[in-house]
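The next block holds one structure in the form of structure tokens; read it before the comments.
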């Protein structure tokens, strides 16, 4: 113990009652230290089949690699800014417990379509969006925010807003199928 102390290999806790610990250094341990740069996952380019047009979109493989070791079976994955839904897609593939939300109906409808196209028979609930054009929620959304209403209406027929979400000549949102 004295030799370890002479070599500054002991860590003395600041708090009373804390445990004395042995210092270990990475260059003395077996194996290779975990790296913080992954070069085996490519990016999303203009021809990528995963491309949804979000500027901050990540590859599904990357999010699976992040979520898998950082969670345990039964955990719930949370993504409060889900964008095009890559994290929810990865979480669903690994362990189907997740909560994701976004403030735009465009993102929410994109995620719904993405999940239904990728995972046949998936069952999930969406809260906070109108269910059909006759619902009070749809009228409320149209009064509150006409552009979000138009994005939501595009999603009803599986259309994507023209050029992302840019306004057209009539100051509205046009959809493409």
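In our numbering, the protein residues as written are 992 to 1168.
Where is the CB? At the ideal position from N, CA and C, for every residue including glycine.
Going by DSSP, name the residue or residues bridged to residue i.
i            : result
residue 1002 : 1012
residue 1089 : 1068
Confirm, please, whether the CB-CB distance from residue j to residue i is below 8 angstroms.
i            : j            : result
residue 1055 : residue 1084 : yes
residue 1106 : residue 1128 : no
residue 1133 : residue 1100 : no
residue 1051 : residue 1041 : yes
residue 1001 : residue 995  : yes
residue 1150 : residue 1168 : yes
residue 1086 : residue 1064 : yes
residue 1091 : residue 1114 : no
residue 1009 : residue 1045 : no
Can you list, in chain order, the residues of its chain with a C-beta nearer than 6 angstroms to that of residue i? Leave out the 5 residues immediately preceding and following it.
i            : result
residue 1089 : 1068, 1079, 1082
Beta-carbon within less than 7 angstroms of residue i's beta-carbon, same chain only, minus the 5 sequence neighbours each way: which residues are those?
i            : result
residue 1095 : 1139, 1142
residue 1017 : 1024
residue 1110 : 1083
Taking the alpha-carbon of residue i as reference, which of the options has the nearest alpha-carbon?
i            : options                : result
residue 1047 : 1072, 1021, 1065       : 1072
residue 998  : 1009, 1015, 1007, 1005 : 1015
residue 1136 : 1108, 1097, 1031       : 1097
residue 1034 : 1049, 993, 1119, 1108  : 1049
residue 1148 : 1060, 1019, 1104, 1020 : 1104
Along the chain, where does the alpha helix (DSSP H) that runs through residue i open and close?
i            : result
residue 1126 : No alpha helix (DSSP H) contains residue 1126, which DSSP labels as neither H nor E.
residue 1042 : Run containing residue 1042: none; DSSP gives neither H nor E here.
residue 1101 : 1096 to 1109
residue 1145 : 1137 to 1147
residue 997  : 993 to 997
residue 1057 : 1051 to 1058
Leaving aside the five residues before and after residue i along the sequence, list all residues of the same chain whose C-beta is less than 8 angstroms from its C-beta, in chain order.
i            : result
residue 1012 : 1001, 1002, 1004
residue 1058 : 1068, 1078, 1081, 1082, 1085
residue 1066 : 1086, 1088
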